[in-house]
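Residue numbers (the UniProt record's numbering): 1 to 567.
Just so you know, even glycine gets a beta-carbon here, dropped at the ideal spot from N, CA and C.
Structure record follows, encoded as structure tokens.
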């Protein structure tokens with residue numbers, strides 16, 4: 001059990017504070033972006049901040065979930081497959097988080113059941129309260145425990161997934177309520193994100209859904225300390241006052257957050273209404289004024305670009321843009337580095353399966369990006385897009401499966417290895433230029449668990465001196481995050497290299513291909529990596545490969561006039 005402290009007498013200044021972010025009325029309101037923006041503001045005030053996301057689904061992690069249902073899987077340095085909101089946290093905090101930043105119901109129940117099987121509950125009847133909630137609380141407060149060489153953070157921001165009223169999220173909300181008792185009421189802050197919808201026929205904004213949402217929260221013992229109102233337009237001050245009165249929240253703590261031109265505008269929207277000041281005063285935290293210098297430079301690049309380029313993102317999950325969230329943000333960040341607005345053209349990979357289809361789908365773009373994916377659907381279209389880009393010297397960046405597709409396309413059309421493929425898609429292919437790592441054989445044959453068994457997390461690579469990637473990175477040793485099960489088959493490396501394909505980066509021992517490219521005198525920017533560099537890109541610190549792609553797109557000579565502000 002967590003040791004409780006009386007909030008009236010606790011030495012709150014020495015306790016890691018806790019901010020819980022809940023959501024009401026509807027999902028996808030932007031809890032993650034609100035939490036991330038708040039984290040950025042507190043960090044800019046000189047506080048140490050860490051963040052975590054609690055997901056109520058029973059999956060242990062999102063690694064085996066369909067991207068159409070969940071969006072992208074964000075991989076951390078330590079190899080954890082996490083929710084896409086962890087990517088928002090990293091981009092806004094500019095800090096690498098670890099797997100403990102994402103907690104799921106599946107993880108919690110797995111841990112509790114394993115303890116029960118070992119007899120650790122001494123014969124108790126294992127129940128949601130206290131056993132499940134105690135495990136949730138342990139994970140909530142885990143970041144506050146000091147580790148070697150690292151101090152405890154000043155603040156933990158915890159986003160509770162789902163919507164207030166959902167059955168699935170009730171144990172998390174109950175645990176959060178208990179944390180307020182355990183660490184002292186002055187050390188915990190509840191921020192509720194809710195929707196004020198606009199009713200078209202009557203031309204009215206309605207506060208009743210938010211009132212009901214807060215009533216549901218209060219019915220389980222949680223009184224929000226502040227409310228962030230999401231809407232498609234400005235909410236009048238009188239309506240915010242009404243919400244404050246009806247929900248028993250200080251008027252100063254009812255914050256309007258209408259749709260913004262860019263997600264990177266949100267920190268200033270919250271700061272302009274003093275939400276961060278209200279919270280640090282409530283929690284009795286020492287702070288300084290926000291340093292906006294770096295963020296202002298970012299916003300200048302976002303809203304006042306000097307150029308515009310259009311990049312085709314050729315993928316199989318484009319009906320749900322969140323499946324490629326980190327890729328699109330990395331592309332845009334690459335634009336920020338070049339004072340350029342990046343317009344994304346969403347291209348279904350199947351549209352590029354023929355030469356004619358590729359020409360039609362990619363006509364007029366300044367660069368293409370071929371991201372990762374699993375399964376054979378859309379593969380031929382990715383190969384077709386890469387063939388089009390290679391032949392027309394269109395700047396190209398391939399990611400994960402994008403590298404494997406680049407190798408397959410080159411093997412087929414330049415080396416002449418008819419039908420060259422990956423054993424992932426064609427186990428009986430005559431030319432398996434992409435094959436399974438030896439340690440993965442049992443898994444792909446169905447003899448092991450799929451979840452958490454790929455090559456996951458941060459791996460080093462040695463780059464060939466003088467190569468395009470080495471020049472782009474500005475160094476010859478790099479580390480990138482991975483998430484894949486298949487590799488370039490070393491038996492074909494010499495044959496491919498003799499035909500002009502450059503394996504410009506490998507694992508330090510030279511056994512695994514990490515980067516592939518064409519020489520700059522053959523193609524201006526035809527680069528791919530087995531890794532997922534998009535996961536380490538930041539809006540204020542764009543990844544070199546994406547910045548390089550946009551620079552090459554500009555050099556391609558087809559940049560348009562400055563575009564309207566917004567991302």
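Item                                                                                                                : Value
Residue from 283, 53, 503, 247 with nearest C-alpha to residue 219                                                  : 247
C-alpha gap between residue 97 and residue 51, whole angstroms                                                      : 8 Å
When 40, 30, 353, 466 are compared against residue 268, the one with the closest alpha-carbon                       : 40
Residue 274, buried or exposed, once every other Cβ within 10 Å from all chains shown has been counted against 16   : exposed
First through last residue of the alpha helix (DSSP H) which encompasses residue 279                                : 275–282
Pairwise C-alpha distance: residue 126 and residue 116                                                              : 7 Å
8 Å Cβ cutoff met for residue 307 and residue 393                                                                   : no
Close Cβ partners of residue 355 (< 8 Å) along its chain, the five nearest in sequence each way excluded            : 384, 387, 388
Beta-carbon gap between residue 538 and residue 333 smaller than 8 Å                                                : yes
Nearest-angstrom Cα separation, counted from residue 435 out to residue 240                                         : 59 Å
Simplified DSSP state of residue 135, which is helix, strand or coil                                                : helix
Three or more C-beta pairs below 8 Å linking the region 279–299 and the region 488–502                              : no
Anticipated Cβ contact below 8 Å, residue 24 with residue 163, distance rounded                                     : 6 Å
Nearest to residue 35 (by Cα), restricted to the options 136, 120, 159                                              : 159
Residue of 265, 278, 322, 309 minimising C-alpha distance to residue 297                                            : 265
Sequence-distant residues of the same chain with beta carbon closer than 6 Å to residue 479, five excluded per side : 458, 460
Buried/exposed call for residue 251, threshold 16 Cβ in 10 Å                                                        : exposed
Separation of residue 295 from residue 511, as counted between CA atoms                                             : 41 Å
Inter-residue spacing [alpha-carbon to alpha-carbon] between residue 199 and residue 234                            : 14 Å
Secondary structure of residue 271, DSSP reduced to three states                                                    : helix
Reduced DSSP category for residue 167 - H, G, I as helix; E, B as strand; rest coil                                 : coil
Environment of residue 16 [buried if 16+ CB atoms lie within 10 Å]                                                  : buried
Secondary structure of residue 20, DSSP reduced to three states                                                     : strand
Entirely enclosed alpha helix (DSSP H) segments - the region 353–393, minimum 4 residues                            : 355–362, 379–391
Rounded C-alpha distance that separates residue 175 from residue 139                                                : 10 Å
8 Å Cβ cutoff met for residue 575 and residue 105                                                                   : The structure shown has nothing for residue 575, since the chain only spans 1 to 567.
Exposed unless 16 or more other CB atoms sit within 10 angstroms - verdict on residue 55                            : buried
Residue 257 (DSSP reduced to helix, strand or coil)                                                                 : strand
Anticipated Cβ contact below 8 Å, residue 80 with residue 94, distance rounded                                      : At roughly 19 Å, the Cβ-Cβ gap does not stay under 8 Å, so residue 80 and residue 94 are not in contact.
Residue 141 versus 149, 493, 157, 132, residue with shortest Cα-Cα distance                                         : 157
First and last residue of the uninterrupted alpha helix (DSSP H) at residue 468                                     : 468–473
Exposure of residue 129, with buried meaning 16 or more beta-carbon neighbours within 10 Å                          : exposed
The region 174–188 / the region 57–76 touching (three or more Cβ pairs under 8 Å)                                   : no
Alpha helix (DSSP H) segment containing residue 109, residue limits                                                 : 105–117
Ordered list of alpha helix (DSSP H) runs contained in the region 204–246, each at least 4 residues                 : 208–219
Proximity below 8 Å, CB of residue 316 to CB of residue 357                                                         : no
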